[in-house]
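Single-structure report; data block below.
Protein chains in written order, with my numbering: chain A, 76 to 266; chain B, 10 to 191.
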């Protein structure tokens, strides 16, 4: 009797622990070998045959196609530089340097990777279309309501993700320091 | 007491095995992976342009809306595949994915170094059958080995600004992928 109870208990706990850990790692996006620059994180290896099993499982579950290593690198940000989670009802200012790349794009998504509908059909910017000042610098304002300059609308959604993609760039697996790859600063301006 | 601890230890170990095996099995078990999504929209061994990435009509999550994309869902069981893609004015890239969404090879227009991206895709077995002299004479032939018989080729062309999207789509429309007769 005691043996039966013990093994049932063990199996239940094992199933709960194992499935719980799988669910947790795949929904939270736990992947190894992240390249972190400020609030930005990239997984260059996920775009190659060396992709780790967690990233493989995550990609299969979400249905996305990772950016190939010979194509470019995608940096994801879910928080501002202070580590506070993005809130689509607040205003954020993004600006500064970008690593050397032939082109870059920045796109705003829901946490599930969908675009946010808005009246001006604006989901991001490319390096070519962004408005720069005389020094070649740019500032993007991520906000729910219209702003002058480079306005990226949030649609007022609760959480969002920014993806900065660098195409034809030397940034990758070998990049170690922030000096090699300066990424734009993200500052919260108010709600 | 000791017995209870042993049961807990067994549970943790078993839980770890459950966790690792479910993570490893996920790519095989996933029903909504990129290949399955595209299988409903694209024929086999033909280059098909994808509808523009618009809010509410995304085929896959985290697609770059600044790009026009075309997909060739390949099956190499009938022989090697030849891909030709004209280079657009801005930036064009080709990424090869296995049936389980692993990006095993990617190249951009500048690395391909020509006005036209031309690649041969084949399995390791088919590559072994290519006569050696042929490979030498066709030195500019770029041969890619696919680790799986089936997979996806995704061609992407950048529209640096929204007004250039028709140009990017036009460049992709001329791309082809077809099985070579052996």
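All C-beta atoms, glycine included, are put in the ideal place defined by N, C-alpha and C.
Against residue 103 of chain A, chain B offers no close residue; the least beta-carbon distance is about 13 Å (beta-carbon pairs closer than 8 Å). For the set B/80, B/83, B/104, B/68, the Cα lying nearest the Cα of residue 147 of chain A is the one of B/104. DSSP places residue 81 of chain B inside the beta strand (DSSP E), whose first and last residues are 76-84.
Contact between the segment 108-126 of chain B and the segment 141-156 of chain A is present, with at least three C-beta pairs closer than 8 Å. Look at the segment 104-137 of chain A: the residues with a C-beta under 7 Å from a C-beta of chain B are 122, 123, 124, 126, 128, 129, 131, 132, 134, 135, 136, 137. The beta strand (DSSP E) runs of length 3 or more contained entirely in the segment 163-230 of chain A are, from start to end of the chain, 166-170, 176-184, 199-201, 214-218, 225-228. DSSP, read as helix, strand or coil, puts residue 159 of chain B in strand. Distance from the CA of residue 174 of chain B to the CA of residue 52 of chain B, rounded to the nearest whole angstrom, comes to 24 Å.
Fewer than three Cβ pairs drawn from the segment 32-42 of chain B and the segment 194-201 of chain A lie within less than 8 Å of each other, which leaves the two stretches out of contact. DSSP, read as helix, strand or coil, puts residue 10 of chain B in coil.
Rounded to whole angstroms, residue 32 of chain B and residue 161 of chain B show a C-alpha spacing of 23 Å.
Fully contained in the segment 103-167 of chain A are the following beta strand (DSSP E) runs of length 3 or more, in chain order: 110-112, 115-117, 147-152.
Residue state for residue 69 of chain B is assigned as coil, using DSSP reduced to three classes. Using a Cβ-Cβ cut-off of 7 Å, residue 122 of chain B is close to nothing in chain A; its nearest Cβ partner there is about 13 Å away.
When Cβ-Cβ separations below 8 Å define contact, residue 157 of chain B makes no contact with chain A. Rounded to whole angstroms, residue 184 of chain A and residue 71 of chain B show a C-alpha spacing of 7 Å. Distance from the CA of residue 259 of chain A to the CA of residue 21 of chain B, rounded to the nearest whole angstrom, comes to 43 Å. Counting only runs of 4+ residues, the alpha helix (DSSP H) found wholly inside the segment 77-138 of chain B occupies 118-121, 133-138, in chain order. For the 8 Å CB-CB criterion, residue 167 of chain B and residue 58 of chain B do not form a contact. The residues 167, in chain order, have a CB closer than 6 Å to that of residue 100 of chain B in the same chain once the five nearest residues on each side in sequence are set aside. Here residue 77 of chain A carries a helix assignment [DSSP, helix/strand/coil]. Inclusion of residue 157 of chain B and residue 107 of chain B in the CB contact set at 8 Å is warranted, their separation being smaller than that value. When rounded, the separation of the alpha-carbon atoms in residue 131 of chain A and residue 122 of chain A is 10 Å. Under the 10 Å beta carbon count, residue 210 of chain A is surrounded by fewer than 16 other beta carbons and is classified as exposed. The C-beta of residue 169 of chain B comes closer than 8 Å to at least one C-beta of chain A. Counting every other CB atom within 10 Å of its CB across the protein chains shown gives residue 120 of chain A a total of 16 or more, marking it as buried. Using a Cβ-Cβ cut-off of 8 Å, residue 203 of chain A counts as an interface residue toward chain B, since at least one Cβ of chain B sits closer than that to its own. Residue 151 of chain A and residue 238 of chain A have their C-alpha atoms roughly 5 Å apart. By alpha-carbon distance to residue 249 of chain A, the top candidate from A/169, A/83, A/108, A/97 is A/108. Buried is the label assigned to residue 181 of chain A, since at least 16 other Cβ atoms lie within 10 Å of its Cβ. Judged by their CB atoms, residue 46 of chain B and residue 68 of chain B are nearer to each other than the 8 Å cut-off.
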